[in-house]
Ligand code: KIV
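Numbering (my numbering), first residue to last: 169 to 443.
In structure tokens:
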């Protein structure tokens, strides 16, 4: 009973929402990566990654689709279970895939599956003003929530491509307000994708919950990248914010350790990775 309370006093206590909040308060950067299987999950744990996301990016990097839209709940459950088996310390977050949170009730049923059957500790959903009621409903049922704003890959066919968001002043103001509303609705973490660094900094300063960025500049509370991008596995053109940590590393473990160190020491992201 309460083994997790005992683990708190172990040399490597599991990361919790409270740990992530304390890291924000202490100014310690949160190192996050995606993972899709148990072997890489073990390497991420060994390398000191704090937060592991089973991203629906698996639709692109594992399944070979052009977008994340074809990913289903069954795919997310399969990969979440595999990753959960490989992790001891990091906090495990899983994406709710396309259309799995169309209403608050559907979102709740699918979040429960990801937590009970998959072992996720938190769910992530691509959010905006239209998802405030869903975040509020999940939070009211004690589901930990990460709200993903900025570039939302599940909306790629609606917006017409993968583009930097929040460049114009009006759009930036709207995103800033949405981030605050999502926090007020109960989001425990806000994730910002592909936005100007100055806007990322403003949102991280505005919010009391941790703000994780991918292509959102260096002045946010943590960084996340797609694992296959940092290991230089992804073929073709990489996003501006991606960095190849495999170069000169010698092994995947050393590359992941180099990423964690760069995030903690704030040498990643550099100016060349920012918008
Ligand atoms: O699916 C994913 O990997 C993500 C990250 C890009 C944040 O959402």
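Note that the Cβ used here is the ideal one computed from N, Cα and C, for glycine as well.
For the segment 338-387, which segments carrying the beta strand (DSSP E) assignment without a break, of at least 3 residues, lie completely within its bounds, in sequence order? 357-361 and 379-382
What separation, rounded to the nearest whole angstrom, lies between the Cα atoms of residue 206 and residue 361? 26 Å
Hey, which unbroken runs of the alpha helix (DSSP H) at 4 residues or more fall wholly within the segment 182-239? 185-194, 206-215 and 226-229
Start and end of the beta strand (DSSP E) containing residue 416? Element bounds for residue 416: n/a, residue is neither H nor E.
Go ahead and label residue 253 buried or exposed: buried means 16 or more other beta carbons lie within 10 angstroms of its beta carbon, across all protein chains shown. exposed
Within the same chain, show all residues whose beta-carbon is closer than 6 Å to that of residue 221, passing over the 5 residues directly before and after it, in chain order. 202 and 261
Check whether the segment 387-402 touches the segment 192-202, counting contact only when three or more Cβ pairs, one atom from each stretch, lie closer than 8 Å. yes
Between 419, 354 and 247, which lies nearest to residue 227 when the distance is taken from Cα to Cα? 247
Under three-state DSSP, which class holds residue 305? helix
Rounded to whole angstroms, what's the CA-CA distance from residue 281 to residue 272? Just pull it up for me. 14 Å
Can you find at least 3 beta carbon pairs, one from the segment 328-338 and one from the segment 288-308, that sit closer than 8 Å? no
May I ask you to list the residues that DSSP assigns as paired with residue 313? 291
Give the secondary structure of residue 333 by DSSP, where H, G and I count as helix, E and B as strand, and everything else as coil. coil
Quick one: does the C-beta of residue 361 sit closer than 7 Å to a heavy atom of the ligand KIV? yes
CA-to-CA distance, residue 307 to residue 352, given in whole angstroms: 10 Å
Rounded to the nearest angstrom, how far is the Cβ of residue 251 from that of residue 356, given a contact under 8 Å? Residue 251 to residue 356, Cβ: 19 Å. No contact.
Use the C-beta contact count for residue 403: other C-beta atoms within 10 angstroms, 16 or more gives buried, fewer gives exposed. exposed
For the ligand KIV, is there any heavy atom lying closer than 7 Å to the beta carbon of residue 223? yes
Three-state secondary structure (DSSP) of residue 398: helix
Residue 205: CB within 7 Å of a non-hydrogen atom of the ligand KIV: no
Checking 8 Å against the spacing of the C-beta atoms, do residue 383 and residue 406 come in under that value? no
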